[in-house]
Every structure is written in C-alpha cells, then in structure tokens.
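Participant: This is the structure, below, for whatever I ask next.
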Amino acid sequence: MKKIVLSTVVATTLMFVSTGCGDSNKNTANVAKEHKVVAKNVSKEDRQKALRARIKSYAKYGFDINQTSQDSYILTVKEPRKSVELLLSMFNLNLSFEEEDKQELQELFKDNKFDVKIDWDKYVSNSKDSVEVDFIGKDDMNASDPIVKILKDKKIGAYLTYNGNDELKKIDFKDIKEIISQNNETAHIELLNAFIDIDKLPDDHNTNRVYTFNGGNLSIEFKDSFGSDSVLGYKDIVCKVDKTNSYLGKQECLIPTMFITTDKSKSNEMNVVVNKTAFNYDITSKNKKVKEDIVFSIDNITANKEINIKDIKVSGVIEDMDEEVLKAYMQLIENPSNSQKEDMAKLISLAGKLYGNGMKMQYDGSVASIDALLDSIKVNLKSYSVHGEGKLDNEINYHEKSTISNLTISDSTNKANSFVLDNFRFGYGIKNIFNFIPKTMDMLSVISTEENTTKIDNIIQQNATKLANETLNYGVGFEISTLGFDRVKFSDQKHKDSNYNVGKSDFDIDVALLKNKLKAEDVMANPMVLLGYLKADGKLVIPIKDLQELAKKPEFAMLGMLMMMAKIEGENAVFVIKFENGKLLVNGKPMM
C-alpha cells in the first residue's frame with residue numbers, strides 16, 4: 000500500500016513542480032520574455048517560441064529537457080534536490096522537514112520522467128487543456144508491476160490551460176479510478192475533480208504567487224493478504240495561496256472531511272472521521288523582522304461511537320525572526336550551487352542563526368470536550384486549555400500553563416466507581432538557559448562537510464565538551480509555577496479503604512542551578528558536586544483534614560511524618576520548602 004500511495008503522491012507533486020506553479024523565481028519568466036507577445040498580435044510561431052522557452056527554463060529545477068518532436072517533450076528529474084526544495088518552499092515547509100526526510104523525497108523523485116504533449120492549435124486559441132503532462136515513472140521499472148502499466152497508459156497526469164499572454168491559468172488533474180492487485184493484495188484508488196486555479200505566477204515585474212488548489216475527493220481502499228479491508232481518504236480539500244515571495248504571504252486550507260476505516264465489516268472495525276479541519280498562516284515583515292501567525296482547528300473527531308473529541312483549536316505566533324537570515328536561507332534553496340555539501344553546511348548554520356537572534360513565540364490551544372468509552376471505562380474531559388510562550392536570544396526562556404475544567408473516569412457498569420478531578424492546573428518553565436542552538440548548528444555545519452570519521456569524532460569531542468561546559472557554567476532555572484486542583488476524588492465500592500477526597504491543593508517550586516565553574520566531565524563522574532550550586536524555593540498547600548485522612552491509609556503512611564512538620568494556616572497545612580548550600584529545609588526545619 001505504501002508503494003501505491005507514494006507513487007500517486009510523487010506523481011501529483013512532481014507535476015505541480017514541473018508546470019512551474021511553484022516558481023518563486025522570476026528567472027523563468029525572464030527566459031521566456033523575449034518571445035512573449037501581447038495577445039492582440041499573436042502568431043502561432045511566437046506562441047510556440049514562448050512556451051518552448053518556458054519549458055527549457057525548467058532545467059534550473061533539476062529537470063533534463065528532451066524535445067522528442069515538434070509537440071512533445073520528455074522531462075527527467077536529474078537533480079531532485081532542487082525539485083524537493085522548490086516543492087517544500089511552496090508551502091513554507093523548508094524549516095519543518097528534517098534533512099533525512101528531504102533525502103527520502105529526493106530518492107523518490109530521482110530519474111522520474113514526464114511526457115509533455117502540446118496541442119498547438121488549442122494553445123494558440125487559448126482553448127482548455129492545450130497541454131497534457133503525464134507521469135511515466137522511471138526507465139528501469141519492472142514491467143510486470145501493475146503500477147507501471149498505469150503509468151505507461153498515461154493515467155496519472157494533468158491538462159494545462161494557458162491564456163493569450165502565455166500565462167498558466169489552470170491545471171486539471173486526470174481523474175484516477177484504478178484497481179491494483181499484487182501478491183494477494185488489492186488497492187482501489189479514486190481521485191476525482193482535483194484542479195488548480197491560478198491567478199498569478201511570478202514574472203519579470205513581481206514575485207507574487209496566487210492560486211487555489213482544489214484537492215477534489217480521494218479514496219483508497221486496501222485489502223491485504225489476510226482479508227483485512229481498510230479505507231482512507233478526504234473530501235473537497237481546498238487550499239488558497241497568496242504569497243508575495245518565497246516566504247511572505249498567506250495560505251488558507253480547509254478539509255471538510257477526512258476518514259479512515261480499518262478492519263472493515265469485522266467485529267473490531269474502527270471508523271475514524273475528522274470533520275472540518277482548517278489551517279491558516281500569514282507571514283509578514285516589518286523593520287526587517289518576520290512574523291508568522293498560525294491558526295489550526297478541527298470541529299470534531301469521532302471514532303466509532305466510542306470516542307468523540309470536539310472543538311480542537313491551536314493558534315500561535317512566531318515573531319522577530321531575522322529577515323536577512325531567512326532571506327539568505329531561501330535564496331540558497333532557490334539558487335543552489337553545484338556543491339550540495341557546501342549548501343547544506345550553509346543552510347544548517349543559517350537555521351541556527353534564526354534561533355539565536357531574539358526570536359519569540361507563543362501559542363494557545365484548547366479542546367472543548369473528550370468523551371470516550373473504552374470497554375467498560377468511561378472517560379469524560381471538559382475544557383482543556385494551554386498557553387505557552389518563549390524567547391530565544393542569548394538565553395532560552397520558555398513557560399507553559401495548562402488547565403482542565405473537569406476529568407471524570409468512571410465504570411460504565413457501576414457509576415459509583417469513579418475518579419474525579421476538578422479544575423486541574425499545571426504550569427512549568429525553563430529560564431535563563433544558555434542558548435546552545437546556534438553553536439550546535441555551527442558544529443553540525445562543519446561536520447556535514449567532513450567525511451573522515453576520525454575528524455568528525457574529534458570535532459564533536461572538542462566542540463561538544465566546550466559547549467557542555469559553557470551551558471553548565473551559565474546556570475539554568477526550572478520552575479513548576481503551579482500544580483494543583485480544586486478537588487480530586489477516588490471511589491471504589493469494592494475497596495472502600497482506598498477511597499479518598501482531597502480539596503483545593505497547590506504546589507509550586509522554583510529551582511536554579513547557579514552560575515559555576517564546574518566541568519561537565521566532573522559532574523558526570525560525581526553528580527553530587529551540583530548540590531552546592533542548587534537553590535530551590537517551593538510551597539505546598541493542602542487541606543489539613545484531607546491530609547490527615549490520607550495519612551491513615553497504608554499506601555500514604557509516610558504522610559504522617561510530613562504532618563509533623565506542617566504549618567497550620569486556617570484550614571490548610573502549609574509546607575514551605577527551601578534548598579540552599581546543600582541543605583533542605585521544610586518550614587525552617589532541616590530534613591537532612
């Protein structure tokens with residue numbers, strides 16, 4: 000199944016690249032400029048020259064261009080690195096993909112071919128579907144492979160429509176309705192009504208790219224050799240892209256429905272449906288600083304009748320990214336040199352700089368409710384929310400806080416057996432950590448150009464040791480800003496001695512490793528040397544009557560010792576915790 004899906008994905012994405020829809024560089028238009036004519040005084044010869052010049056210009060994306068006749072071309076991916084980076088840059092994913100993932104994509108793209116046929120009469124008259132592009136795979140594919148037959152029959156392709164100014168205006172992907180059988184496995188693939196409407200592509204006057212991708216309807220039904228039947232797909236996906244250059248602009252995507260069914264028609268059948276998934280981002284620039292706003296939401300997720308998750312929302316902002324660094328990164332992707340190693344080293348170093356120039360981030364997330372029935376266990380969660388924020392300059396600082404209004408876990412056969420948690424809250428943070436990311440990336444940049452394993456080991460040992468010492472000596476802070484609840488209750492009718500009910504309780508602690516002159520190797524050999532540089536201040540508040548009841552239970556017997564040190568404030572037992580100079584104090588009394 001993986002092979003079938005990957006073949007379809009590679010075909011459609013490569014066609015998208017090969018048509019020039021992702022072109023964020025105006026060189027393509029410049030190459031064709033001398034042949035471009037105004038529609039008024041067009042001639043067939045001029046139109047042919049314009050399109051041929053554009054096709055030849057795709058060589059800069061790693062394609063080998065072979066004209067086989069007056070109206071036919073074969074395009075072969077010879078430098079997949081350029082094609083992959085172009086594809087990722089179209090959706091601002093260059094910084095999100097690991098290098099290993101990019102290399103896998105490059106292997107998939109390498110040596111794949113496209114057959115391009117032009118109906119010149121249609122093209123000159125600006126008629127629909129004047130150019131046909133078909134994905135035909137690689138030369139060395141196994142002829143007995145059923146997928147190969149589909150490719151050779153040119154069933155995975157697209158029709159392109161141009162206007163009188165030689166501008167690509169629409170890509171209509173061919174409908175796919177295929178049943179593929181191999182080794183007692185069968186896949187039924189349907190992709191219907193997928194197309195791209197194009198408003199603007201880059202030219203010699205601007206770098207804008209504006210288009211709408213309509214993904215149509217996709218369904219893949221797969222039956223394995225054991226008779227297990229599964230289905231996955233989506234309906235009516237739409238993505239609107241409006242970008243001013245390779246990294247600035249907007250994208251809005253909506254997927255009304257995604258679905259997956261496993262073990263179809265069996266007792267353990269699982270049907271998962273995701274309704275109304277939306278993803279929007281807006282990347283802007285001001286005073287040479289880049290800001291990215293992201294919003295993601297899902298109306299609800301259902302799994303059979305047992306699980307229902309409602310109203311998932313995530314929004315975030317990344318701001319104060321250095322535009323000059325980001326611009327240099329994107330330019331290197333768009334215009335790579337002949338040395339992939341050198342380019343990779345520069346890209347790694349530039350990525351490190353992005354995380355060391357004062358970049359700030361914050362996000363909010365929420366889930367309205369989760370209702371699940373797992374065998375006889377019923378889980379109900381109401382109103383989860385989270386907020387996080389951080390900054391990376393010379394230091395790394397990050398703080399997060401989350402809340403749950405109510406969590407109830409109960410026995411559906413006996414509601415008296417339950418666990419209830421009300422108004423749970425948890426917050427933590429890391430602060431004042433030396434920002435080791437830029438120097439780490441610089442080290443990886445140097446390593447990426449080196450092949451000698453001994454030299455690589457020496458570079459790592461020297462730089463990693465120095466960086467570890469620098470981070471250790473700088474000190475670090477960690478805090479639990481809040482860990483608490485309004486109530487936690489556990490009821491078990493068979494084991495009533497284990498039941499408990501604890502009222503409003505809160506705990507917080509602030510821990511710091513002070514600046515020091517320790518060496519990482521000494522700490523590894525004897526972690527106890529850190530004690531002299533640790534400082535902590537914390538506080539625990541819990542209702543005294545609830546603490547007393549807990550202490551009576553065998554599993555909480557040690558709380559009896561803690562009660563002896565409690566400070567009573569009203570109805571609460573209070574414990575003030577302090578650690579300094581290697582000594583732990585609770586309410587001013589030494590613990591060790």
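Numbering-wise (numbering that gives the first Met the number 0), the sequence shown opens with residue 0 and increments by one. Beta carbons: idealized from backbone N, C-alpha and C, even for Gly.
For the beta strand (DSSP E) holding Tyr60, just list the boundary residues, first then last.
Facilitator: It is not in any beta strand (DSSP E) - Tyr60 carries neither H nor E in the DSSP assignment.
Participant: So the candidates are Ile293, Asn182, Ser504; which of them puts its Cα closest to the Cα of Phe574?
Facilitator: Measuring from the Cα of Phe574, the nearest candidate turns out to be Ser504.
Participant: Do you know how far the Cα of Asn500 is from the Cα of Leu231?
Facilitator: Computed Cα separation, rounded: 45 Å.
Participant: Starting from the Cα of Asp319, find the closest Cα among Gly351, Asn307, Met360 and give me that residue.
Facilitator: Minimum Cα distance to Asp319 is reached at Met360.
Participant: Could you name the residues of the same chain whose beta carbon sits closer than 6 Å to that of Val510, not counting the 5 residues immediately before and after it, in chain order?
Facilitator: Cβ within range, chain order: Phe477, Ala535.
Participant: Could you tell me if Val528 is buried or exposed, where buried requires 16 or more neighbouring beta carbons within 10 angstroms of its beta carbon?
Facilitator: Its Cβ having fewer than 16 others within 10 Å, Val528 is exposed.
Participant: By DSSP, does Asn413 sit in helix, in strand, or in coil?
Facilitator: The answer is strand: DSSP assigns Asn413 an E or B state.
Participant: Where does Asn468 fall in DSSP's three states?
Facilitator: Looking at Asn468 - three-state DSSP - the assignment turns out to be helix.
Participant: Using the Cα positions of Leu596 and Lys101, report the straight-line distance between them to the nearest angstrom.
Facilitator: Given that the chain is displayed from residue 0 to residue 591, the structure contains no residue 596 and the question cannot be resolved.
Participant: Is Ile297 helix, strand or coil when you go by DSSP?
Facilitator: Three-state DSSP puts Ile297 in a strand.
Participant: Can you list, in chain order, the stretches of the beta strand (DSSP E) that have 3 or more residues and sit fully within the segment 293–358?
Facilitator: Runs of the beta strand (DSSP E) inside the segment 293–358: 306–321.
Participant: Keeping to the same chain, check which residues put their C-beta closer than 8 Å to that of Ile436; ignore five residues upstream and five downstream.
Facilitator: Same-chain partners within the cutoff: Gly351, Tyr354, Gly355, Leu391, Ile395.
Participant: Pick helix, strand or coil for Lys454, following the three-state DSSP scheme.
Facilitator: Three-state DSSP puts Lys454 in a helix.
Participant: Ile369 and Ile308 look like a contact to me (Cβ under 8 Å); what is the Cβ gap, rounded to whole Å?
Facilitator: Yes, Ile369 and Ile308 are in contact; Cβ-Cβ is about 5 Å, under 8 Å.
Participant: Assuming Thr256 and Tyr233 are in contact, meaning their beta carbons sit under 8 Å apart, how far apart are those beta carbons, in whole angstroms?
Facilitator: Indeed, because the Cβ distance is near 6 Å, the residues count as touching under 8 Å.
Participant: When DSSP labels each residue in this structure, what does Pro437 get in the three-state scheme?
Facilitator: Looking at Pro437 - three-state DSSP - the assignment turns out to be helix.
Participant: Measuring CA to CA, which of Leu191, Asp110, Thr243 is closest to Asp235?
Facilitator: Here the closest residue by C-alpha is Leu191.
Participant: Considering Cα atoms alone, identify which of Gly248, Thr301, Asp292, Glu251 is closest to Thr260.
Facilitator: Nearest option by C-alpha distance: Thr301.
Participant: What's the C-alpha gap between Glu99 and Asp485?
Facilitator: Approximately 46 Å between the Cα atoms of the pair.
Participant: How is Gly483 classed by DSSP in three states: helix, strand or coil?
Facilitator: Three-state result, Gly483: strand.
Participant: According to DSSP, is Ala38 part of a helix, a strand, or is it coil?
Facilitator: For Ala38, the predicted structure reports a pLDDT of 45, less than 50, and the residue's modelled location is therefore unreliable. A value from the coordinates is still provided. In the structure shown, Ala38 sits in a helix (DSSP, three-state: H, G or I).
Participant: Can you tell me whether Glu548 is helix, strand or coil according to DSSP?
Facilitator: Three-state DSSP puts Glu548 in a helix.
Participant: In the DSSP assignment, what residue or residues form a beta bridge with Met269?
Facilitator: DSSP, once it has assigned bridges, lists Thr261 as partnering Met269.
Participant: Would you say the segment 439–449 touches the segment 407–417, given that touching needs at least three Cβ pairs under 8 Å?
Facilitator: These segments do not touch.
Participant: So, with DSSP's three-state summary, where would you put Met523?
Facilitator: Three-state DSSP puts Met523 in a helix.
Participant: Just list the beta strand (DSSP E) runs in the segment 110–150, keeping only unbroken ones of 3 residues or longer that don't cross its boundaries, in chain order.
Facilitator: Listed in chain order, they are 112–117, 130–136.
Participant: For Gln66, does the count of other Cβ atoms within 10 angstroms reach 16, so buried, or fall short, so exposed?
Facilitator: Per the 10 Å Cβ criterion, exposed.
Participant: Using the DSSP secondary-structure output, state which residues sit across from Asn396 in a beta bridge.
Facilitator: Lys390.
Participant: DSSP three-state label for Leu539, please.
Facilitator: Leu539: strand per DSSP, three-state reduction.
Participant: Is DSSP giving Ile54 helix, strand or coil here?
Facilitator: The answer is helix: DSSP assigns Ile54 an H, G or I state.
Participant: Going by DSSP, which residues form a beta bridge with Ser68?
Facilitator: Partner(s): Ser71.
Participant: Between Tyr427, Lys287, Asp507, which lies nearest to His386 when the distance is taken from Cα to Cα?
Facilitator: Looking at the Cα atoms, Tyr427 is the closest of the given residues.
Participant: What residue from Ile178, Gln461, Trp119 has the CA that sits closest to Leu159's CA?
Facilitator: Taking only the C-alpha atoms, the option nearest Leu159 is Trp119.
Participant: Nearest by alpha-carbon distance to Gly315: which of Ile282, Tyr328, Ile306, Asp521 is it?
Facilitator: That would be Ile282, whose Cα lies nearest to the Cα of Gly315.
Participant: Would you report the Cα separation of Gly121 and Asp139, rounded to the nearest angstrom?
Facilitator: According to the sequence provided, residue 121 is Lys. The question's Gly does not apply to it. About 34 Å.
Participant: Just reading off the beta strand (DSSP E) that Gly232 is part of, what are its end residues?
Facilitator: It spans 228–242 - the beta strand (DSSP E) in which Gly232 sits, taken as one unbroken run.
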